[in-house]
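Structure first, then comments.
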Amino acid sequence: MPGDEVIPKPAFSSTRAITLHATPEDIWPWLAQLGRGRGGFYSFDWLEKLLGLDITSSDRILPGFQHLAPGDEIPAAPDYALPVRAVEPLRFLVIGPRPDEPRDSAELTWAIGLYPREDGTTRLVVRLRSVYSWRPGEPLVTLFIEPGHFLLERQMLRGIKRRAEALAKHGHEHRPEGGSPSAGEPQPSSLHPSGDFIS
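Counting from 1 along the sequence shown, just add 763 to a position and that's the residue number in my numbering.
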(Lines of atoms letter the chains of each structure in order from A and count residues from 1; the text may use other names and numbers.)
(Lines give C-alpha, C1' and ligand atoms only; values in the text may rest on other atoms or scores of the structure.)
Protein backbone atom coordinates (compact mmCIF):
# COMPACT_ATOMS: atom_id res chain seq x y z
CA MET A 1 0.00 0.00 0.00
CA PRO A 2 1.09 3.62 -0.31
CA GLY A 3 3.23 4.51 2.70
CA ASP A 4 4.70 1.03 3.17
CA GLU A 5 8.04 2.31 1.90
CA VAL A 6 8.33 4.73 4.83
CA ILE A 7 8.65 1.89 7.35
CA PRO A 8 9.77 -1.11 5.26
CA LYS A 9 10.39 -3.34 8.29
CA PRO A 10 7.78 -2.50 10.93
CA ALA A 11 7.88 -3.98 14.40
CA PHE A 12 4.08 -3.89 14.37
CA SER A 13 1.65 -3.86 11.47
CA SER A 14 -2.09 -4.28 11.12
CA THR A 15 -4.24 -4.29 7.99
CA ARG A 16 -8.03 -4.13 8.05
CA ALA A 17 -10.60 -3.74 5.31
CA ILE A 18 -14.28 -3.54 4.59
CA THR A 19 -16.33 -3.73 1.40
CA LEU A 20 -18.53 -0.75 0.57
CA HIS A 21 -21.39 -0.68 -1.91
CA ALA A 22 -20.18 2.71 -3.07
CA THR A 23 -17.66 4.26 -5.42
CA PRO A 24 -14.50 6.15 -4.42
CA GLU A 25 -16.39 9.36 -5.26
CA ASP A 26 -18.90 8.48 -2.54
CA ILE A 27 -16.21 7.53 -0.01
CA TRP A 28 -13.48 10.12 -0.44
CA PRO A 29 -15.35 13.16 0.97
CA TRP A 30 -15.61 11.38 4.34
CA LEU A 31 -11.86 10.68 4.35
CA ALA A 32 -10.94 14.21 3.29
CA GLN A 33 -12.72 15.71 6.30
CA LEU A 34 -11.31 13.36 8.96
CA GLY A 35 -10.25 15.05 12.18
CA ARG A 36 -11.21 16.76 15.39
CA GLY A 37 -13.15 19.95 14.68
CA ARG A 38 -13.73 18.65 11.16
CA GLY A 39 -15.76 15.55 10.26
CA GLY A 40 -14.56 13.49 13.21
CA PHE A 41 -13.33 9.91 12.98
CA TYR A 42 -16.71 8.13 12.61
CA SER A 43 -15.93 5.90 15.58
CA PHE A 44 -17.17 5.90 19.19
CA ASP A 45 -17.76 9.61 19.83
CA TRP A 46 -18.83 8.92 23.42
CA LEU A 47 -15.51 7.21 24.15
CA GLU A 48 -13.47 9.93 22.49
CA LYS A 49 -15.33 12.53 24.55
CA LEU A 50 -14.69 10.45 27.68
CA LEU A 51 -10.99 10.61 26.85
CA GLY A 52 -11.20 14.40 26.60
CA LEU A 53 -10.80 14.53 22.83
CA ASP A 54 -14.13 16.33 22.21
CA ILE A 55 -14.69 14.71 18.82
CA THR A 56 -18.06 14.72 17.06
CA SER A 57 -18.50 12.73 13.86
CA SER A 58 -20.45 14.42 11.10
CA ASP A 59 -23.18 12.74 9.07
CA ARG A 60 -22.86 15.23 6.24
CA ILE A 61 -20.15 16.36 3.87
CA LEU A 62 -18.42 19.56 4.98
CA PRO A 63 -17.33 21.56 1.89
CA GLY A 64 -14.76 23.53 3.88
CA PHE A 65 -12.72 20.42 4.68
CA GLN A 66 -12.46 18.69 1.32
CA HIS A 67 -8.90 19.58 0.32
CA LEU A 68 -5.84 17.85 1.80
CA ALA A 69 -2.23 18.26 0.72
CA PRO A 70 1.09 16.81 1.90
CA GLY A 71 2.28 18.77 4.92
CA ASP A 72 -1.25 19.52 6.16
CA GLU A 73 -2.23 18.48 9.66
CA ILE A 74 -5.36 16.60 10.71
CA PRO A 75 -6.31 17.56 14.29
CA ALA A 76 -6.73 14.50 16.51
CA ALA A 77 -6.58 15.94 20.04
CA PRO A 78 -6.42 19.39 21.67
CA ASP A 79 -2.61 19.42 21.42
CA TYR A 80 -1.90 16.80 18.77
CA ALA A 81 -2.32 16.59 15.01
CA LEU A 82 -1.67 13.89 12.43
CA PRO A 83 0.72 15.05 9.68
CA VAL A 84 -0.27 14.24 6.10
CA ARG A 85 2.62 12.65 4.25
CA ALA A 86 0.93 11.79 0.95
CA VAL A 87 -2.53 12.11 -0.52
CA GLU A 88 -4.17 11.42 -3.85
CA PRO A 89 -7.92 12.09 -3.92
CA LEU A 90 -10.07 9.03 -4.60
CA ARG A 91 -7.07 6.75 -4.09
CA PHE A 92 -5.18 7.09 -0.80
CA LEU A 93 -4.27 9.11 2.28
CA VAL A 94 -1.05 8.47 4.20
CA ILE A 95 -0.41 9.81 7.70
CA GLY A 96 3.26 9.89 8.64
CA PRO A 97 6.33 12.11 8.73
CA ARG A 98 6.08 15.10 6.41
CA PRO A 99 7.70 14.73 2.98
CA ASP A 100 10.58 17.04 3.96
CA GLU A 101 11.44 14.98 7.05
CA PRO A 102 13.97 12.13 6.86
CA ARG A 103 12.36 8.76 6.34
CA ASP A 104 14.34 7.17 9.18
CA SER A 105 12.61 9.53 11.63
CA ALA A 106 9.30 7.73 11.10
CA GLU A 107 7.82 5.94 14.08
CA LEU A 108 4.34 5.33 12.66
CA THR A 109 2.40 5.45 9.41
CA TRP A 110 -1.33 5.08 8.92
CA ALA A 111 -2.54 4.57 5.37
CA ILE A 112 -6.07 4.50 3.99
CA GLY A 113 -6.61 3.18 0.47
CA LEU A 114 -9.59 2.84 -1.85
CA TYR A 115 -9.68 -0.13 -4.26
CA PRO A 116 -12.72 -0.23 -6.58
CA ARG A 117 -13.85 -3.56 -7.95
CA GLU A 118 -15.58 -4.57 -11.16
CA ASP A 119 -18.88 -5.28 -9.40
CA GLY A 120 -19.21 -1.61 -8.41
CA THR A 121 -18.13 -2.06 -4.80
CA THR A 122 -14.99 -0.58 -3.26
CA ARG A 123 -12.57 -2.10 -0.82
CA LEU A 124 -11.64 0.38 1.95
CA VAL A 125 -8.32 -0.66 3.47
CA VAL A 126 -6.46 0.79 6.46
CA ARG A 127 -2.93 -0.15 7.46
CA LEU A 128 -0.95 0.86 10.53
CA ARG A 129 2.81 0.29 10.64
CA SER A 130 5.06 1.28 13.53
CA VAL A 131 8.49 0.81 15.01
CA TYR A 132 9.49 0.87 18.64
CA SER A 133 12.69 0.44 20.60
CA TRP A 134 12.95 -2.48 22.97
CA ARG A 135 12.59 -0.49 26.14
CA PRO A 136 11.31 -2.41 29.16
CA GLY A 137 7.58 -2.90 28.94
CA GLU A 138 7.09 -1.34 25.50
CA PRO A 139 5.97 -4.54 23.73
CA LEU A 140 3.44 -4.93 26.54
CA VAL A 141 2.07 -1.48 25.72
CA THR A 142 1.47 -2.65 22.15
CA LEU A 143 -0.17 -5.81 23.45
CA PHE A 144 -2.68 -3.88 25.53
CA ILE A 145 -3.25 -0.98 23.11
CA GLU A 146 -3.94 -3.13 20.04
CA PRO A 147 -7.39 -4.44 21.16
CA GLY A 148 -8.58 -0.87 21.72
CA HIS A 149 -7.13 0.24 18.41
CA PHE A 150 -8.91 -2.65 16.69
CA LEU A 151 -12.29 -1.70 18.16
CA LEU A 152 -11.93 2.00 17.28
CA GLU A 153 -10.67 1.33 13.77
CA ARG A 154 -13.34 -1.27 13.05
CA GLN A 155 -16.01 1.19 14.17
CA MET A 156 -14.46 3.87 11.95
CA LEU A 157 -14.64 1.56 8.94
CA ARG A 158 -18.27 0.79 9.69
CA GLY A 159 -19.03 4.48 10.18
CA ILE A 160 -17.51 5.40 6.82
CA LYS A 161 -19.35 2.51 5.17
CA ARG A 162 -22.72 3.69 6.50
CA ARG A 163 -22.16 7.27 5.39
CA ALA A 164 -20.71 6.47 1.97
CA GLU A 165 -23.43 3.97 1.12
CA ALA A 166 -26.10 6.48 2.12
CA LEU A 167 -24.45 9.05 -0.14
CA ALA A 168 -24.28 6.52 -2.97
CA LYS A 169 -27.98 5.75 -2.60
CA HIS A 170 -29.48 9.15 -1.88
CA GLY A 171 -27.01 11.97 -2.10
CA HIS A 172 -25.21 12.17 -5.43
CA GLU A 173 -26.56 15.66 -5.99
CA HIS A 174 -24.83 16.79 -2.78
CA ARG A 175 -21.34 15.53 -3.63
CA PRO A 176 -18.75 18.36 -3.67
CA GLU A 177 -17.40 19.51 -7.01
CA GLY A 178 -14.09 18.07 -8.10
CA GLY A 179 -14.90 14.58 -6.85
CA SER A 180 -13.82 12.76 -10.02
CA PRO A 181 -10.32 12.29 -11.42
CA SER A 182 -9.31 14.20 -14.50
CA ALA A 183 -8.90 12.49 -17.84
CA GLY A 184 -5.52 10.83 -18.05
CA GLU A 185 -5.01 10.48 -14.30
CA PRO A 186 -4.19 7.00 -12.95
CA GLN A 187 -7.41 5.36 -11.85
CA PRO A 188 -7.83 3.70 -8.44
CA SER A 189 -8.38 0.31 -10.08
CA SER A 190 -4.68 0.25 -10.96
CA LEU A 191 -3.79 -0.17 -7.30
CA HIS A 192 -3.18 -3.61 -5.85
CA PRO A 193 -2.97 -3.73 -2.04
CA SER A 194 -0.81 -6.33 -0.37
CA GLY A 195 -1.14 -7.94 3.03
CA ASP A 196 -3.85 -9.77 4.91
CA PHE A 197 -7.32 -8.25 5.05
CA ILE A 198 -9.76 -8.47 7.91
CA SER A 199 -13.34 -7.80 6.85
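A virtual CB, placed ideally from N, CA and C, is assigned to each residue, including glycine.
From a predicted model like this one, the values you see are computed outputs, not experimental measurements.
Item to check | Helix, strand or coil at L916 [DSSP, three-state] | outcome: Translated into positions along the sequence shown, residue 916 becomes position 153. According to the sequence as given, residue 916 is Glu; it is not Leu. Reduced to three states, the DSSP call for E916 is helix.
Next on the checklist: Does D842 pass the burial test, meaning 16 or more other C-beta atoms within 10 Å, or should it be called exposed?
Outcome noted: Position 79 of the sequence shown, counted from the first residue, corresponds to residue 842. Exposed is the call here.
Item to check | I790, DSSP secondary structure in three states | outcome: Stepping through the sequence shown from its first residue, residue 790 is reached at position 27. Residue state, collapsed to three classes: helix.
Checklist entry - In its own chain, which residues sit with a C-beta less than 7 Å from the C-beta of S945, not counting the 5 before and 5 after it? => result On the sequence shown, position 182 is the one that residue 945 refers to. At S945, the pLDDT of 35 sits below 50, so the modelled position is not reliable and the matter cannot be decided from this model.
Next on the checklist: Taking the straight line between their C-alpha atoms, what separation do you get for R890 and R779?
Outcome noted: To locate residue 890, count along the sequence shown from 1; it is residue 127. To locate residue 779, count along the sequence shown from 1; it is residue 16. So the alpha carbons of these two residues sit roughly 6 Å apart.
Item to check | Rounded separation between P826 and D767 - CA only | outcome: Against the sequence shown, residue 826 aligns to sequence position 63. Against the sequence shown, residue 767 aligns to sequence position 4. So the two alpha carbons sit approximately 30 Å from each other.
Checklist entry - Hey, quick one: how far does the beta strand (DSSP E) through I858 stretch, first residue to last? => result In the sequence shown, the residue the question calls residue 858 occupies position 95. Counting along the chain, the beta strand (DSSP E) containing I858 begins and ends at 855–858.
Next on the checklist: Determine whether the beta carbon atoms of A874 and A785 lie at a separation below 9 Å.
Outcome noted: Numbered from 1 along the sequence shown, position 111 holds the residue referred to as residue 874. Numbered from 1 along the sequence shown, position 22 holds the residue referred to as residue 785. Not in contact: A874 and A785 (Cβ atoms no closer than 9 Å).
Checklist entry - For L914, is the classification buried or exposed, using 16 other Cβ atoms within 10 angstroms of its Cβ as the cut-off for buried? => result Along the sequence shown, one-based indexing puts residue 914 at 151. Classification of L914: exposed, given that the 10 Å Cβ count is below 16.
Checklist entry - What does L891 pair with, by DSSP beta-bridge criteria? => result Locating residue 891 in the sequence shown gives position 128, where the first residue counts as 1. In DSSP, L891 forms a bridge with S777, W873.
Checklist entry - With C-beta atoms as the reference, is I790 less than 9 Å away from T885? => result Stepping through the sequence shown from its first residue, residue 790 is reached at position 27. Stepping through the sequence shown from its first residue, residue 885 is reached at position 122. Result yes, Cβ atoms of I790 and T885 sit closer than 9 Å.
Checklist entry - Taking the Cβ atom as the reference point for each residue, do L797 and L877 lie within a distance shorter than 9 Å? => result Start at 1 with the first residue of the sequence shown, and residue 797 comes out as number 34. Start at 1 with the first residue of the sequence shown, and residue 877 comes out as number 114. Not in contact: L797 and L877 (Cβ atoms no closer than 9 Å).
Item to check | Whole-Å CB distance - A839 paired with L845, under 8 Å assumed | outcome: Taking the sequence shown and counting its residues from 1, one reaches residue 839 at position 76. Taking the sequence shown and counting its residues from 1, one reaches residue 845 at position 82. Rounded, the Cβ-Cβ distance is 5 Å, consistent with contact.
Checklist entry - Roughly how many whole angstroms lie between the Cα atoms of R892 and H933? => result By one-based count along the sequence shown, residue 892 stands at place 129. By one-based count along the sequence shown, residue 933 stands at place 170. If I take the Cα positions, the gap works out to 36 Å.
Checklist entry - Rounded to the nearest angstrom, how far is the Cβ of P765 from that of A849, given a contact under 8 Å? => result The sequence position of residue 765 within the sequence shown is 2, counting from 1. The sequence position of residue 849 within the sequence shown is 86, counting from 1. Their Cβ separation, rounded to whole angstroms, is 6 Å, which keeps P765 and A849 in contact under 8 Å.
Checklist entry - With respect to the beta strand (DSSP E) encompassing L825, which residues constitute its N-terminal and C-terminal limits? => result Taking the first residue of the sequence shown as 1, we reach residue 825 at position 62. Here L825 belongs to no beta strand (DSSP E), and DSSP marks it neither H nor E.
Item to check | Selected residue, minimal CA-CA separation from G800, among T819, P773, I858, L920 | outcome: As a first step, residue 800 is located in the sequence shown; it is residue number 37 there, counting from the start. Residue T819 is the option with its Cα nearest to G800.
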